[in-house]
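Here is the structure we will look at.
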Amino acid sequence: MVSKVTAAVIILSATLFSIPVYAETIEPAPPQAAAGDQATPAKLDLLPADHVAKPDDVDVENFNLKYLTGYLVDTGRIIAAPVRWESSDWLKLGLVLGGTGALFFIDDEVKDFAQDNQHSVGRGIASFGNTIGEPLNAVPALTAFYLYGYLADDSKARRVSLLAMESFAISGVAMSTIKTLAKRHRPKTGHRSVEWDGPEWNSDNFSFGSGHTSSAFSLATVFADEYKDNPYVPPVAYGLATLVGLSRIYSNEHWASDAFFGAALGYFTSKAILSFHKEDKSKSANRLSIMPEVGSQMTGLTVKYDF
165 MVSKVTAAVI ILSATLFSIP VYAETIEPAP PQAAAGDQAT PAKLDLLPAD
215 HVAKPDDVDV ENFNLKYLTG YLVDTGRIIA APVRWESSDW LKLGLVLGGT
265 GALFFIDDEV KDFAQDNQHS VGRGIASFGN TIGEPLNAVP ALTAFYLYGY
315 LADDSKARRV SLLAMESFAI SGVAMSTIKT LAKRHRPKTG HRSVEWDGPE
365 WNSDNFSFGS GHTSSAFSLA TVFADEYKDN PYVPPVAYGL ATLVGLSRIY
415 SNEHWASDAF FGAALGYFTS KAILSFHKED KSKSANRLSI MPEVGSQMTG
465 LTVKYDF
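Per the numbering used here, the very first residue in the sequence shown carries number 165; after that it's consecutive.
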């Protein structure tokens, strides 16, 4: 039994940490122009087109009414997204549901293993994980980061804090809804993992899924994506989020399947939000463009560098 559960814990840890890797999609290659096209040469922009923000994107650099109403717009986009899904998207959903379902079968064993191996060091680490994963702690932290961006005129910090706050809020509402509909008993109640009450209007039994883990992964995904050029940010962000999920299991607050599902919900919610608001690099970086010019007087190139 110990070897089985040990393997399950290792697999769960690796899966939580590697969700961002296996969930990435391969971007399609840009369409090639037909050989016979003789259209007027267009401006050669050295920044990919997919980095240019959509005209209808909400303001994600300033906290204002347009930003707040964007919560509703983006929630609607997420709800309607399945009608535009490709086979790879349905595969991801299947992997999440399949992984969650597989963990259902060993939830009790993982819980017993965690509780049979309690140590003071482990409890200390779990306490730290529970603290950084506490949703109530995220709001002042993100507010402080936004204020820094405002006072220091750092548009990147403002953008990241507002995207993180939106992802945090939308995933939080989604998770709260699922918790209310599922009403699964927490492991600390002493009940087995198969105890589900279904929709009830009371404040008990909110085990499925893990709100702490969902919040942690929603924030980690935004920071990891926006600061992916820094080699330390993604592993640290996802490592801390994984610690939150494992801490919830070790503290007997959640089943393993709760943590896994919460991680997936937080991750994919943030990925959706990020895809809606691709950064316009022209606002934060120098922009180089080359314009071919052909005329009766001259033939050449115009090089433009915007500061």
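Ideal Cβ placement from N, Cα and C applies to all residues, glycine included.
Cβ atoms of S284 and G430: under 7 Å apart, would you say? no
Please report how far the alpha carbon of W360 lies from the alpha carbon of I296, in whole angstroms. 28 Å
Taking the alpha helix (DSSP H) that P299 belongs to, which residues open and close that run? P299 to L315
Do you know how far the Cα of A388 is from the Cα of G403? 11 Å
Alpha-carbon spacing of N226 relative to P304, whole angstroms: 17 Å
Can you give the beta carbon distance from A106 to L383, rounded, assuming they're within the 8 Å contact cut? The shown model of the chain, from 165 to 471, leaves out residue 106, and the question about it has no answer.
Rounded to whole angstroms, what's the CA-CA distance from D272 to W419? Just pull it up for me. 8 Å
Just to confirm my understanding: we take A290, look at its own chain, exclude 5 residues before and 5 after, and list those with CB closer than 7 Å. What are they? Excluding sequence neighbours, A290 sits near S411, Y414 and S415.
In this structure, how does DSSP classify W419 when only helix, strand and coil are distinguished? coil
Here's the rule: buried if 16 or more other CB atoms are within 10 angstroms of the residue's CB, otherwise exposed. What is H355? With a 10 Å radius around the Cβ and a threshold of 16 neighbouring Cβ atoms, H355 comes out exposed.
Taking Cβ to Cβ, would you say F424 is nearer than 7 Å to G293? no
Three or more beta-carbon pairs under 8 Å between the stretch 305-315 and the stretch 338-352, yes or no? no
Assign W254 to one of three DSSP states: helix, strand, or coil. helix
Secondary structure at R348, three-state DSSP: helix, strand or coil? R348 falls in the strand class under three-state DSSP.
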